[in-house]
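Numbering (full-length UniProt numbering), first residue to last: 1 to 136. Written below as structure tokens is the structure these notes are about.
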């Protein structure tokens, strides 16, 4: 005889949105990481973001992609989802701060890229949060 215990934070049909949102985030950001690393100097020239920061962000994107994809596949997704939401929201606020405070001498393309990344992270965080709310 086998017994199965149900746990609302374990894998279920209800957690598919949060897992999908995390996986989409992981794949898109992870895939962006490699070209950003390989072309960090030209990207820095085009955007006005210092080359060291571009390279560092590219490496971060690669690590983030792997980590978030792994977190999305865990049996219990809640803690990983909260961490991913927090990371996305921090990135959103940081992107706005960089533009508003004039941290770097951004070009027009740089402003668009930084603000676009802020919008992306805000939208993904919202989707992940909605997915978590469905688990409650």
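Every residue gets a Cβ at the ideal spot worked out from N, C-alpha and C, and that includes glycine. Keep in mind the model is a prediction, meaning the values are calculated, not measured.
The beta carbons of residue 47 and residue 106 sit closer together than 8 Å.
By the Cβ test, the segment 11-31 is not in contact with the segment 49-58, since fewer than three Cβ pairs between them sit closer than 8 Å.
Between residue 88 and residue 115, the alpha-carbon positions lie close to 13 Å from each other.
For residue 103, the secondary structure class from DSSP, reduced to helix, strand or coil, is coil. A direct Cα-to-Cα measurement between residue 134 and residue 117 gives close to 26 Å. Residue range 16-38 is occupied by the alpha helix (DSSP H) that includes residue 29. Here residue 136 carries a coil assignment [DSSP, helix/strand/coil].
The beta-carbon distance between residue 62 and residue 33, rounded to whole angstroms, is 4 Å. This is short enough to meet the 8 Å contact definition. Straight across, the Cα-Cα distance linking residue 121 with residue 92 is about 6 Å. A distance below 8 Å separates the beta carbons of residue 54 and residue 44. Residue nearest to residue 50 within the set 80, 124, 98, 90 is 98 (criterion: CA-CA distance).
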